[in-house]
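Enquirer: Chains as they are written, first to last, in our numbering: chain C, 1 to 360; chain P, 1001 to 1225.
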Amino acid sequence: MLSNAIKALKANALKTTLIYFSLIFSIVSIFLISAISSGIISMYSSMLKSDGDIIITQAKISDTFFSNVDINLINKIDRLNGVKESSAMIVGASPVEKLPIVAVYGVTKNRLKNYKLIKNNYPKQNEALVGEAIYTNLKNKNSISIANKDFKISGVFTSDVGFENGSVVINIDEAGKIFNKSASMIMVNSDLNANIELLIKNIKSLDTNIDAKSTDNFVDNYNQFKIIKTSSNVISLIAFAMGLLGIVSIMSITINQRKSEFGIKRALGISMKKIIYSIMFESLILGCLSFVSAFLLSEFALYLIKHSSHLQGYVNGEITFSLALSIFLTSISMAVIGAIIPAFNAAQTDPVSLIQGNRI
Amino acid sequence: MRSKILIRNLYKIYNEKKENEFFALKNINLNIKCGEIVIIKGISGSGKSTLLSLIGALSKPSSGDILVNEQNIAKLPDIFSSQYRNEEVGFIFQSFNLVDGLSVYDNVKAPLVLSNINQDELKKKINLALEVANIAHKSQQMVSNLSGGEKQRCAIARALVNSPSLILADEPTANLDKNNSLIFVDILKKFKQLNKTVVVATHDTIFDNLAFVDTYVNIEDGAII
Chain C
1 MLSNAIKALK ANALKTTLIY FSLIFSIVSI FLISAISSGI ISMYSSMLKS
51 DGDIIITQAK ISDTFFSNVD INLINKIDRL NGVKESSAMI VGASPVEKLP
101 IVAVYGVTKN RLKNYKLIKN NYPKQNEALV GEAIYTNLKN KNSISIANKD
151 FKISGVFTSD VGFENGSVVI NIDEAGKIFN KSASMIMVNS DLNANIELLI
201 KNIKSLDTNI DAKSTDNFVD NYNQFKIIKT SSNVISLIAF AMGLLGIVSI
251 MSITINQRKS EFGIKRALGI SMKKIIYSIM FESLILGCLS FVSAFLLSEF
301 ALYLIKHSSH LQGYVNGEIT FSLALSIFLT SISMAVIGAI IPAFNAAQTD
351 PVSLIQGNRI
Chain P
1001 MRSKILIRNL YKIYNEKKEN EFFALKNINL NIKCGEIVII KGISGSGKST
1051 LLSLIGALSK PSSGDILVNE QNIAKLPDIF SSQYRNEEVG FIFQSFNLVD
1101 GLSVYDNVKA PLVLSNINQD ELKKKINLAL EVANIAHKSQ QMVSNLSGGE
1151 KQRCAIARAL VNSPSLILAD EPTANLDKNN SLIFVDILKK FKQLNKTVVV
1201 ATHDTIFDNL AFVDTYVNIE DGAII
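#1: Report the three-state DSSP secondary structure of N1086 of chain P (helix, strand or coil).
#2: Please report the distance separating the alpha-carbon of S1049 of chain P from that of E299 of chain C.
#3: On the DSSP letters alone, give me the boundaries of the alpha helix (DSSP H) that Q224 of chain C sits inside.
#4: Grab me the residues of N4 of chain C's own chain with a C-beta within less than 8 Å of its C-beta, minus the 5 sequence neighbours each way, in chain order.
#5: Mind checking whether G246 of chain C and S26 of chain C have CB atoms under 9 Å apart?
#6: Does the contact criterion of 3 or more C-beta pairs under 8 Å hold for the stretch 1082-1089 of chain P versus the stretch 257-272 of chain C?
#7: Grab me the residues of K84 of chain C's own chain with a C-beta within less than 7 Å of its C-beta, minus the 5 sequence neighbours each way, in chain order.
#8: Per DSSP, what kind of secondary structure is Q1141 of chain P in: helix, strand or coil?
#9: In the DSSP assignment, the alpha helix (DSSP H) including K10 of chain C goes from what residue to what residue?
#10: My parser needs the beta strand (DSSP E) runs of 3 or more residues fully inside the stretch 1015-1064 of chain P; what are they?
#11: So, using beta-carbon positions, are G263 of chain C and P351 of chain C closer together than 9 Å?
#12: Taking the Cβ atom as the reference point for each residue, do I1135 of chain P and V1104 of chain P lie within a distance shorter than 9 Å?
#13: Given a limit of 9 Å on CB to CB distance, which residues of the stretch 248-273 of chain C reach chain P?
#14: So which residues on chain P does K15 of chain C lean against when the C-beta distance must stay under 8 Å?
#15: Sort C:V91, C:K213, C:T320 and C:S167 by Cα distance to E67 of chain C and report the nearest one.
#16: Where does N358 of chain C sit, in a helix, a strand or coil, going by DSSP?
#17: Mind checking if N345 of chain C is an interface residue toward chain P, Cβ cutoff 9 Å exclusive?
#18: In this structure, how does DSSP classify F151 of chain C when only helix, strand and coil are distinguished?
#19: Put A128 of chain C into one of helix, strand or coil per three-state DSSP.
#20: According to the neighbour-count rule (16 or more other Cβ atoms, all chains shown, within 10 Å of its Cβ), is F151 of chain C buried or exposed?
#21: With DSSP as the reference, label Q1094 of chain P as helix, strand or coil.
#22: Classify D78 of chain C as buried or exposed, calling it buried when 16 or more other Cβ atoms lie within 10 Å of its own Cβ.
#23: So, is the C-beta of P342 of chain C closer than 9 Å to a C-beta in chain P?
#24: How do the stretch 1138-1158 of chain P and the stretch 1069-1077 of chain P stand: do at least 3 beta-carbon pairs fall below 8 Å, yes or no?
#25: With H, G and I counted as helix, E and B as strand and the rest as coil, what does DSSP make of K181 of chain C?
#26: Please list the partners that K7 of chain C has in chain P, where partner means a Cβ-to-Cβ separation under 7 Å.
#27: Say yes only if the C-beta of V1038 of chain P is nearer than 8 Å to one or more non-hydrogen atoms of the ligand COA, and no if none qualify.
#28: Using a 10 Å radius around the Cβ and a threshold of 16 neighbouring Cβ atoms, would you call P1111 of chain P buried or exposed?
#29: In terms of residues, what are the limits of the alpha helix (DSSP H) holding A1159 of chain P?
#30: Per DSSP, which one or two residues make a beta bridge with E85 of chain C?
#31: For L1006 of chain P, does the three-state DSSP call read helix, strand or coil?
#32: Given a cut-off of 9 Å on the beta-carbon distance, is the pair N171 of chain C and P123 of chain C in contact?
#33: Where do the ends of the alpha helix (DSSP H) carrying V1104 of chain P lie?
#34: Rounding to the nearest angstrom, what Cα-Cα distance links V161 of chain C and N1116 of chain P in this structure?
#35: Within 10 angstroms of its Cβ, does E1016 of chain P collect 16 or more other Cβ (buried), or is it exposed?
#36: With a threshold of 9 Å between beta-carbons, can Q1083 of chain P be considered close to chain B, or not?
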């Protein structure tokens, strides 16, 4: 069956190639959009998760970017039972040299240890610590300008999280002046045996303008992630539909051109069921081949994206086993569903008219 | 001799009960015995190809019976009519109907894809059919590179490969020159020696007055005259 299917695919080389490429483009699109969106979510999640057990933001705000929390709360929080340490951060962005947008994190001194130094020192007043990805792109490696204020580069850090590796870290009081806020969020590290739910309740009671969530809860309910996920699913669905349409149309043309072949097979006693199976099997082979090619192409594209200096490591994607498996199943469904209608059309036509070459 | 094909009150009507209703076959009654060579003669559009396609279960009649080996094949569901065509019938078509993207060998192999025979037996059957049809020397060539006569011989090999008891040939010499047409007539004689029942639909005069032909049937406007 396999050798017959391969011969049939070879015999229709042009159409086979067109279906193959149509499938590859769709699968690569699904791969990239899914991998990049989950990569972004995973990067931001791991950045937040490394920051503590509880995250405090301004209440009733849709995004941490717009959040403003009073930094003085740290003193009250540190006195609560079960709190080990708390730190604050301002999340902002600014153009740096030719780069249009660079993440700027203003952090309290106790957070600086989170950034793994690879060169020189942590920043003091009027100094900035820059991520490795930014540092390699800078022409002037001694100072940078953020919102028209010059900062001396005190050192370079590295991070596996692209958002951090492509960012600038300054002291929170200076970031507060630039972005005109006290703190975007406060992160709380709890004691090992602390009751997180009780701690959250106690933190919330300190100020009615704040919202406190466990880090996991925060990540799960973060609006930006929901938007990214929904957009990714919608784009994947569109790519799937485009691929499906491509296969149905090319497959219909191919089968229309092969109508006499199917007529001959019907005349030779090959049943309708067998013809449907053979067409779907051919499509299945194409689905598998396209998946493998698309997987390799996507890995290569993601490698290029990850190492593109223009993207500063902000856009990052990873193909996990579960993602690959779900896209494999999607590819197979796309190939099989795309072949069903043309296959039934071919099989249900009278062999006499198929031999005579009537349109399917 | 026992009947191979018994046709009773056979009608084939296209666009039945519509304004453009057309009777392709009208009240056909025919008895073909085992091992007979039958030539159905008639001008183009007379209904001879339609009759052949009904005997081959390629299409279904509007009414009437077609008994092949005493089994009525007129209303067989697809799975059984496919099995009948695969096991009992060998087709030779006017335009050869070979699959262009395949070699002679693969075309001849096509009817055997459903059989459960082992590879050695399969090769033996194919090579035998290629020898009988005198096309073994071209077995690895793509059929698109063959001449008309060679294509016809490839189609004959394919018709024989399953060792069918019934061979149906529709205008087999229409696309052949005189020499190749005469070769086909010789092959017809071989079929006779192999005790195959053969039905040929043709308007070619080369089949006229052949001594080994058992029956000539003339068809006009869908009826036997």
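Here a beta-carbon is modelled for each residue, glycine too, at the ideal position from N, C-alpha and C.
In this text, all values refer to a predicted model and were calculated from it rather than measured experimentally.
Expert: In short:
#1: One-based indexing of the second sequence puts residue 1086 of chain P at position 86. Looking at N1086 of chain P - three-state DSSP - the assignment turns out to be helix.
#2: Numbered from 1 along the second sequence, position 49 holds the residue referred to as residue 1049 of chain P. Numbered from 1 along the first sequence, position 299 holds the residue referred to as residue 299 of chain C. Roughly 58 Å between the two C-alpha positions.
#3: Position 224 of the first sequence, counting from 1, holds the residue named residue 224 of chain C. Start and end: N223 to Q257.
#4: Indexing the first sequence from 1 puts residue 4 of chain C at position 4. Hits under 8 Å: S278.
#5: The residue you call residue 246 of chain C lines up with position 246 of the first sequence. The residue you call residue 26 of chain C lines up with position 26 of the first sequence. Yes. Within cutoff.
#6: yes
#7: What you label residue 84 of chain C is simply residue 84 of the first sequence in a count that begins at 1. Same-chain partners within the cutoff: N189, S190 and D191.
#8: Position 141 of the second sequence holds residue 1141 of chain P. Coil at Q1141 of chain P, not helix or strand.
#9: The residue labelled residue 10 of chain C in the question sits at position 10 within the first sequence. L2 to A11 is the extent of the alpha helix (DSSP H) around K10 of chain C.
#10: 1022-1033 and 1037-1041
#11: Counting from 1 along the first sequence, the entry for residue 263 of chain C is found at position 263. Counting from 1 along the first sequence, the entry for residue 351 of chain C is found at position 351. In this structure, P351 of chain C lies closer than 9 Å to G263 of chain C by Cβ.
#12: Locating residue 1135 of chain P in the second sequence gives position 135, counting from the first residue. Locating residue 1104 of chain P in the second sequence gives position 104, counting from the first residue. Yes, they are a contact pair.
#13: Listed in sequence order: R258, S260, E261, G263, I264, K265, R266, A267, L268, G269, I270, S271, M272 and K273.
#14: Within the first sequence, residue 15 of chain C is the residue found at index 15, counting from 1. Simply none; closest approach about 11 Å.
#15: By 1-based counting over the first sequence, the position of residue 67 of chain C is 67. Before going on, a small fix: residue 67 of chain C reads as Ser here, not Glu. For S67 of chain C, the nearest C-alpha among the options comes from C:V91.
#16: As a first step, residue 358 of chain C must be located in the first sequence, where it is residue number 358. For N358 of chain C, the predicted structure reports a pLDDT of 43, less than 50, and the residue's modelled location is therefore unreliable. A value from the coordinates is still provided. In the structure shown, N358 of chain C sits in coil (DSSP, three-state: anything other than H, G, I, E or B).
#17: Residue numbering aside, residue 345 of chain C sits at position 345 when the first sequence is read from its first letter. Closer than 9 Å: no.
#18: Position 151 of the first sequence holds residue 151 of chain C. If DSSP states are grouped into helix, strand and coil, F151 of chain C belongs with the strands.
#19: Here residue 128 of chain C refers to the residue found at position 128 when the first sequence is read from its first residue. In this structure, A128 of chain C counts as strand in the three-state DSSP scheme.
#20: In the first sequence, the residue the question calls residue 151 of chain C occupies position 151. The residue is buried, with at least 16 neighbouring Cβ atoms inside 10 Å.
#21: As a position in the second sequence, residue 1094 of chain P is number 94, starting the count at 1. Q1094 of chain P falls in the coil class under three-state DSSP.
#22: Position 78 of the first sequence, counted from the start, is the residue given in the question as residue 78 of chain C. Per the 10 Å Cβ criterion, exposed.
#23: Within the first sequence, residue 342 of chain C is the residue found at index 342, counting from 1. So no, P342 of chain C is outside the interface.
#24: no
#25: For this step, residue 181 of chain C is matched to residue 181 along the first sequence. In the structure shown, K181 of chain C sits in coil (DSSP, three-state: anything other than H, G, I, E or B).
#26: In the first sequence, residue 7 of chain C corresponds to position 7, counting from 1. For the C-beta of K7 of chain C, the chain P residues within less than 7 Å are, from N- to C-terminus, L1102 and D1106.
#27: For the structure depicted, the ligand COA is absent and the ligand set is empty, with no information on it obtainable.
#28: Counting from 1 along the second sequence, the entry for residue 1111 of chain P is found at position 111. Result: buried.
#29: As a first step, residue 1159 of chain P is located in the second sequence; it is residue number 159 there, counting from the start. Note, A1159 of chain P: alpha helix (DSSP H), G1148 to L1160.
#30: In the first sequence, residue 85 of chain C corresponds to position 85, counting from 1. DSSP output for E85 of chain C lists C:N189 as bridge partner(s).
#31: Walking along the second sequence from the start, residue 1006 of chain P turns up at place 6. It is a strand residue.
#32: The count along the first sequence starts at 1 and reaches residue 171 of chain C at position 171. The count along the first sequence starts at 1 and reaches residue 123 of chain C at position 123. When the beta-carbon positions are compared, N171 of chain C and P123 of chain C come within less than 9 Å of each other.
#33: Position 104 of the second sequence holds residue 1104 of chain P. Boundaries of the alpha helix (DSSP H) harbouring V1104 of chain P: V1104 to K1109, taken from the DSSP string.
#34: Residue numbering aside, residue 161 of chain C sits at position 161 when the first sequence is read from its first letter. Residue numbering aside, residue 1116 of chain P sits at position 116 when the second sequence is read from its first letter. Linking V161 of chain C to N1116 of chain P through their CA atoms gives a straight-line distance of about 59 Å.
#35: Start at 1 with the first residue of the second sequence, and residue 1016 of chain P comes out as number 16. Exposed is the call here.
#36: This model lacks chain B altogether; the protein chains it does include are C and P.
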